[in-house]
Every structure is written in C-alpha cells, then in structure tokens.
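Visitor: Next up is a structure, given as structure tokens.
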Amino acid sequence: MAILLYYVAVAKVFSGFSYSACEWDCGWYIGIASAGYDLHPHLGGNDNGQANWAFFPLFPLLLRAIHAATGFSYQLCGVVLNNALFPLMAVASALYLKTKRRETNAYMTVLVFLASPFSLYFRVPFTETLYGILLIALLFLLRGERTWLASAVAAFFTASRPTAAPLLAVLGGARMVAHCLQARIQGTDTVRSVARAVAQCLLLGSVGGIGLLGYMLYLHVHVGDALAFKHIEAAWGRHPGNPVAHILHGLRARDLTAAAFLPGHEESLTYFALACLVAACLVLWAFLSGFVLESVLVALTLLLSTATGLWSSTRYIYANPVTLMLVSAFLQKLPRPVFSLILCVFSMVQALFVILWYQGSRFLM
C-alpha cells in the first residue's frame, strides 16, 4: 500500500495517477476499450501506418466491462484492475515457488515482487498483470493435474498477448513429458499413460487455443487478415529476425549513456542487450538449479521478445512473474544483509522509474 501511495503522490505533480500512468501502449488499449479495433491503419502524422490490431483483446474487454459497471474512466479502470490483481499474483507466485523449493521464504518472494523496478508495469494500465496472473494460475493448475480448469484458463491466457500461445505449447509439452517419465519410473502401463498424457496435451491446446483463434477469426472478418496482429508489427519497425543477432547488434551499438534514460532521448540498445544477457545468465542458473520448466519459459520469453528487435524486451522479460520467482530464488541464496541491500536498491530504482515513466522516458516503453 505504501508503494502505491508513492505512485499516487508523485503523480499529483503531473496529471494524476490514472492519467499519468497511461503511457505508451496504454493509449492503444484505452482506444480499443472505448472505440473498438481499427478498420484501417492510421495514416499521416507519426502513426506510420500503425493500427491497434497488434494488441490482444482480453485486457481492453475487461476495461470495457469495468467501465460499464462503475462509470470510471478507462484509465482508472486499468489502474484499479491491475493494482487489485498484482498482490494476488505476487502471493500466488510466492506460494508456487514454495511448492517447488520448500526452503524458500514466501514473504521474501513477495518483497522481491513489490520492490522490483519492473513491477512498475504491474501498477500501470498494461497487460503484464493480467498475463502474469493467468500464467501463474496455469502453472498451479497443471502442477495439480487439473487439466480441464487449466484449459479454461488457457483460453483467456491466449487472448491476452501474442506470446501466450507459444508458452502454452511449452506447458502442454512439459506436462506430457512429465506424465510419460512418471509412468516409466513407477513401472505402470506406459501405453495407457502416454495416451492419457497426449489426450491432456491436446485438450489443453484445443481449448486453450480458443482465445487466440477467436481473435484471429475476428480479425479475418473485421479486416480480412487473420494474422493482422503479426503483420502490423512492421509499422513499428519490427520484422522477424535472429534474436542473437539483435542482442549482438545492441552490444556493438555502444550507446549506453545517462542521457538514454532521460525523457526526450532515444533509448539505449546496449542497455537492452545487457539486460538480455543478464536474463540469459539467470536462465542458465535456474536450469542448473532444477527449475527446468521455469527456465524454459523465461528463455522462450527472451527469444520471443528479441526476435523482432530489442525494444520493450526488458518489460517482457522482467515484468514477468516466472522471471521474478527465479530472481527471488537466487537472491534468497545470498546472505540476508546482501538480500536486504539489493531490495533497497531495487526499491530506489523503482522510485526513479516511476518519475521517468510519468515523464515518458522511451527506455521504459
């Protein structure tokens, strides 16, 4: 609550919390919630042929529902929704990590979530919180083998962001492999176990894919292109490419300066590239520490977020509950004074990020 009050207090210097929090992609989501999807790309000015098809429908649909029920502005609806879901996501993530590693402290994991600089994105009207809580719900339900309920959640998950469907495929494949290995270890009927595992995987994919397929069908009818959400990314200068090449290009850019973090300046590609390398190291540590599924999910997120460029990659990677769980697991292996010091540094950086966000700094895009 104290952290949220800080966001509100600082926003008074600007345009108030709900409006100051609505930067960058938020405007696209508000536009979808209030006026629906575009029929044609925006031409003229700075739009460069952009359209809101790149933004998936679940979040704006929820904003529209909350607006209809309360009469709040769409910006305030986004703030209310995300700040209600964020504590639930943090606690659920801490409990999930506790089931994976009994030695971890759930309270300390929640503190990592609250202090992380990139928790900024869980407070503002972006999709990170909704996407994150659905991802954690899937991990919990699949771990408990509640496949039908997990499939229903997956349908909402794939309607939240384009990266959801590839992650769902990994989750389904992981459950199938786990079932087969368990049957082999226990010496039970392997054929029946494999058939059951394949059936569950197909159920998860077919029901879970409803969200994505529904949006694709809508786009096909609305604009004549079921993959418009992918094709329109070219208007932002995003084209499919090699993630490794993009990271190497960022390292060679050598544009990491203090000015790159200030409002009105171009963002630093080197900053994004270095953040990706840190994430890669975290993935390697997690894999070697036994967090196999979680490390694969973060690795896939890293690849997907850098496949079309480095912009916004830090948001996709670090404003992610699975990444923050791994960060928490790593930090809890450090001496308690070091852990506390890192949390203090995280909190101070988040406080700075809030001010820079309200000022529209591009590196936070």
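Count along the sequence shown from 1, add 2, and you get the number used in our numbering. C-beta: ideal position from N, C-alpha, C; glycine also. The model shown is predicted, which means the values in this text are computed figures rather than measured ones.
1. Quick check: is any heavy atom of the ligand SAH less than 8 Å from the C-beta of residue 182?
2. At which residues does the alpha helix (DSSP H) containing residue 283 begin and terminate?
3. Could you tell me the boundaries of the alpha helix (DSSP H) in which residue 232 lies?
4. Does the count of Cβ pairs from the segment 149-165 and the segment 202-213 closer than 8 Å reach three?
5. How is residue 27 classed by DSSP in three states: helix, strand or coil?
6. Let me confirm a value: residue 45 is counted as buried when at least 16 other C-beta atoms fall within 10 Å, else exposed. Which label applies?
7. Answer yes or no: do residue 368 and residue 59 have a C-beta to C-beta separation smaller than 9 Å?
8. So, residue 367 versus residue 307, is the Cβ gap smaller than 9 Å?
9. Does the segment 60-80 touch the segment 9-27, meaning 3 or more C-beta pairs lie closer than 8 Å?
10. Are there 16 or more other CB atoms within 10 angstroms of the CB of residue 241, so buried, or fewer, so exposed?
11. Please report the straight-line C-alpha distance between residue 206 and residue 35, rounded to a whole angstrom.
12. Do you know how far the Cα of residue 327 is from the Cα of residue 11?
13. At the level of alpha carbons, what is the spacing between residue 345 and residue 361?
14. I'd like the span of the alpha helix (DSSP H) that includes residue 254, first residue to last.
15. If you drop the 5 nearest sequence neighbours on each side, which residues of the same chain put their C-beta closer than 6 Å to that of residue 177?
16. Less than 8 Å between the CB atoms is what I'm expecting for residue 281 and residue 253, so what's the real figure, rounded?
17. For residue 202, is the classification buried or exposed, using 16 other Cβ atoms within 10 angstroms of its Cβ as the cut-off for buried?
18. For residue 335, does the three-state DSSP call read helix, strand or coil?
19. For the structure I just gave you, are there three or more beta carbon pairs, one from the segment 110-126 and one from the segment 338-355, closer than 8 Å?
20. Excluding the 5 residues flanking residue 28 on each side, which residues of the same chain have their C-beta closer than 6 Å to its C-beta?
Guide: The short version:
1. Within the structure as shown, the ligand SAH is missing, as the structure has no ligands at all.
2. 271-290
3. 230-233
4. yes
5. helix
6. exposed
7. The requested residue 368 does not occur in the structure, where the chain is confined to residues 3 to 367.
8. no
9. yes
10. exposed
11. 28 Å
12. 29 Å
13. 25 Å
14. 245-255
15. 144
16. At roughly 14 Å, the Cβ-Cβ gap does not stay under 8 Å, so residue 281 and residue 253 are not in contact.
17. buried
18. coil
19. yes
20. 127
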